[in-house]
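Residue numbers (mature numbering (1 follows the signal peptide of the UniProt record, and there is no 0)): -19 to -1, 1 to 709.
Cβ atoms here follow ideal geometry from the backbone N, Cα and C, with glycine treated the same way.
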């Protein structure tokens, strides 16, 4: 019947494994198990400890049972999003102590239970958005998730956030709350989180938004606000606190602004003195720019240094005002990016007030040449070093250069993806210009319009058939996607370090095209010349050093000393002696395997059959199987009244019972007690004992020990003395 039972267990295991492979064919070969989009109604059986990633997304699972994941103890990632899960047994995740990612998003969970997450001590990423719960409960469902790094929650029905909902979380890299229908927020609810690197919140009610921002002033570094109409009315953020503000960046995504409240919005964010960067993505500005500039100016200077705007929709952008009156707010700005927002000009009077601006990006707008006289007028952008005018409506390279000359500190200019078509013979550029991007501008040739001061030139994706410019300082040249039939003359670019020539029409090479620095003149290091040899030598030296260290350690018993030191340190934390009620043995016996015949057939028989009998602890008989040998020794000594050492030549010469039993000597002698009883089975000199056991040699010289007599008439006296010592 036992064989039959084993057979049934094995057969059941094999059948479960076969069922798992049938449900998810990818589960058999690797540690990653992909069961997504399989039409599964339940989590398949047969999951084992070898699986580290389980993907069950996009199925029809409604319920997670307690035993479904019980054997998958090594799971690191569990993906259950986009199912129909409405209930989870309390112990469903109890065996997933190594789980790092759990995705339960887009299911039908009507409530969240703290018990689900109680054993997920390693969890770092939790996604529970898109369910049907309306709140997070009365307390925190995340209190046990001490390693949580990112949390995404909320849904269309999510309406309430209470104090205590985030207790237990102190640090988050990302917190994303979908609260588009949030109707109740208890002030202070988010204050328990000490630091949030990136906070994302979708919200509609402006009063709740202001309360949330107040709670995040001292914890969030990057705040991203989504899908709200910022109709702010005199909201005050300042509180009676000396703590420094933490918010450094604010991003608006799909947010709408109105002329009526724009001044209040600016004043609201100017209260956050730590704010350095503002970003707007896919936002809408309803109005013409008729803002209360007096109110804006009177609120003081802004601390913002970077503004990025992408795909801003201005409903009446052709009627938009010139922003007169806000000039004083621009002096500290260092980086400005306005992309894909239909910008067609910047008034000269406004451009002159960007006194600190270093970077300006107008990519994908409606800038035209006849408006550049306003946008880049004399004394405009006085500190500008980088200008991006790519993908606009510029037609004349000559006129573009004419106005760019007004930027005396310009280093980088990107005017790619404009339709210049022609290129003049001569152009004037700022003397500081080092980088020029003319890619995808439809130019058929290159002339001396290209400044000779350049270090980087990109003219890829044009109609070039030759390259014959003299550019003595050029280091990088990009000529891809042209019609070149020959390489550029090497003598014309003596400092060239990088050349891109793919997708041309090269068909021949000449000697002159490769004239440049001679290979023999280049000085290379040994590592560059003989990299493989040097790596091999270094590896050999490292291996030799390790070998020497191992040999020295073996000779001087370094491993033994380290093991004994570690065991001694561990033992120091334990009580010196077990309580009397825990004493189980009269003596623990330490002996050599070669002396086991005398110990087991003579001494044990004599002592354990005495009246009353003595209880002896022998490692062969009484040690707990599977337990570490040192722990067995420690426990046995602590549960024994005395310790018997059966000393002999075998004991000394057999590596001291393979080093494991040496800890017993180490601990007993370190305690300076008299619990040790020495039995000399045969004559042995203390000098024969290895030096590292100096305490044992010392005790043999200072303490009386029992010698086993060969004469039978004296053996009775030996046993009486031994029994008396054991009883003392």
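Beta strand (DSSP E) segment containing residue i, residue limits
i: residue 239; result: 237 to 239
i: residue 326; result: Where residue 326 is concerned, there is no enclosing beta strand (DSSP E), given that its DSSP letter is neither H nor E.
i: residue 205; result: 201 to 207
i: residue 178; result: 176 to 184
i: residue 481; result: 479 to 481
i: residue 233; result: 230 to 234
i: residue 704; result: Per DSSP, residue 704 belongs to no beta strand (DSSP E); it is in the alpha helix (DSSP H), 693 to 708.
i: residue 457; result: 457 to 459
i: residue 464; result: Careful: residue 464 lies outside any beta strand (DSSP E) and carries neither H nor E.
i: residue 439; result: 437 to 439
i: residue 369; result: 367 to 369
i: residue 319; result: 316 to 320
i: residue 106; result: 106 to 108
i: residue 11; result: Residue 11 -> no beta strand (DSSP E), and no H or E assigned at all.
i: residue 472; result: Looking at the DSSP string, residue 472 is not in any beta strand (DSSP E), and its letter there is neither H nor E.
i: residue 227; result: That residue, residue 227, is in no beta strand (DSSP E); it is neither H nor E in DSSP.
i: residue 422; result: Careful: residue 422 lies outside any beta strand (DSSP E) and carries neither H nor E.
Classification of residue i by the beta-carbon crowding that lies within 10 angstroms, buried from 16 upward
i: residue 522; result: exposed
i: residue 135; result: buried
i: residue 519; result: exposed
i: residue 310; result: buried
i: residue 225; result: exposed
i: residue 6; result: exposed
i: residue 524; result: exposed
i: residue 427; result: buried
i: residue 296; result: exposed
i: residue 1; result: buried
i: residue 698; result: exposed
i: residue 664; result: exposed
i: residue -8; result: With a pLDDT of only 40 at residue -8, under the threshold of 50, the placement of this residue in the model should not be trusted; the figure read from the coordinates follows. That one is exposed.
Span of the alpha helix (DSSP H), counted from its first residue to its last, around residue i
i: residue 617; result: 610 to 619
i: residue 523; result: 512 to 536
i: residue 395; result: Run containing residue 395: none in the alpha helix (DSSP H); it sits in the beta strand (DSSP E), 393 to 395.
i: residue 383; result: 378 to 385
i: residue 588; result: 585 to 589
i: residue 600; result: 600 to 603
Pairwise C-alpha distance: residue j and residue i
i: residue 109; j: residue 121; result: 14 angstroms
i: residue 185; j: residue 301; result: 27 angstroms
i: residue 67; j: residue 231; result: 36 angstroms
i: residue 210; j: residue 360; result: 37 angstroms
i: residue 386; j: residue 410; result: 5 angstroms
i: residue 131; j: residue 277; result: 37 angstroms
i: residue 257; j: residue 165; result: 30 angstroms
i: residue 25; j: residue 103; result: 24 angstroms
i: residue 398; j: residue 246; result: 36 angstroms
i: residue -10; j: residue 17; result: Only weak support is given to the placement of residue -10: the predicted model assigns it a pLDDT of 38, under 50, and the question is left unresolved by the model.
i: residue 147; j: residue 40; result: 31 angstroms
i: residue 390; j: residue 179; result: 35 angstroms
i: residue 694; j: residue 612; result: 41 angstroms
i: residue 430; j: residue 403; result: 11 angstroms
i: residue 370; j: residue 347; result: 10 angstroms
i: residue 42; j: residue 182; result: 29 angstroms
i: residue 316; j: residue 338; result: 6 angstroms
i: residue 605; j: residue 13; result: 38 angstroms
i: residue 639; j: residue 599; result: With a pLDDT of 47 at residue 639, under the threshold of 50, the modelled position of that residue is not reliable, and the figure given next carries that caveat. Distance between the alpha carbons of residue 639 and residue 599 is about 16 angstroms.
i: residue 641; j: residue 536; result: Its pLDDT being 45, under 50, residue 641 is placed unreliably in this model, and the coordinates cannot settle the point.
i: residue 592; j: residue 586; result: 12 angstroms
Proximity winner among the options, relative to residue i (alpha-carbon distances)
i: residue 569; options: 596, 579, 312, 592; result: 596
i: residue 61; options: 44, 52, 72, 55; result: 44
i: residue 31; options: 571, 50, 613; result: 50
i: residue 473; options: 461, 462, 187, 450; result: 450
i: residue 254; options: 202, 346, 291; result: 202
i: residue 435; options: 375, 563, 477, 446; result: 477
i: residue 127; options: 80, 286, 470, 113; result: 80
i: residue 420; options: 461, 100, 270; result: 461
i: residue 284; options: 269, 358, 272, 249; result: 249
i: residue 440; options: 416, 453, 454; result: 416
i: residue 689; options: 702, 661, 190, 433; result: 661
i: residue 111; options: 207, 262, 65, 195; result: 65
Closer than 7 angstroms: residue i CB and nearest the ligand PLP heavy atom
i: residue 92; result: With respect to the ligand PLP, the structure shown offers nothing to examine, as it has no ligands at all.
Counting only runs that start and end within the segment 332 to 358, where is the alpha helix (DSSP H) found for 4 or more residues in a row? For the segment 332 to 358, the continuous alpha helix (DSSP H) assignments of 4+ residues that do not extend past its boundaries occur at 353 to 356, in sequence order.
At 4 residues or longer, and completely inside the segment 235 to 277: list those alpha helix (DSSP H) runs for me, N to C. Here the runs fully enclosed are 240 to 251.
Go through the segment 112 to 194 residue by residue and report every complete run of the beta strand (DSSP E) that reaches 3 residues or more, in order. Fully enclosed beta strand (DSSP E) runs of 3 or longer: 131 to 135, 152 to 160, 176 to 184.
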